[in-house]
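Working notes, beginning with the structure itself.
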Amino acid sequence: MDINRVKQILSSSADIDVTYNGTSVWIDGVNEDGRTATVHLRGPLEERSVVVIAELKEV
């Protein structure tokens, strides 16, 4: 995925399915470096992780 698509997803009201390493995640925001984003797993766990944007996939 690229940074422009991540920004579109963040500004959208639609529920867009995104995965990281095959796991469904919510994107919380783009980090200042422009290469990484903060995400958390969909579901009851709210543990956040910083991941490389290029490794996110839209389903």
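In numbering that gives the first Met the number 0, the protein residues as written are 0 to 58.
Beta carbons: idealized from backbone N, C-alpha and C, even for Gly.
By the neighbour-count criterion, in which a residue is buried when 16 or more other Cβ atoms sit within 10 angstroms of its Cβ, VAL24 is buried. Check the Cα spacing between ILE8 and each of THR22, ASP32, ALA36, VAL49: the tightest is with ALA36. Judged by their CB atoms, HIS39 and GLU31 are not nearer to each other than the 8 Å cut-off. Around the beta-carbon of LEU55, 16 or more other beta-carbon atoms lie within 10 Å, marking it buried.
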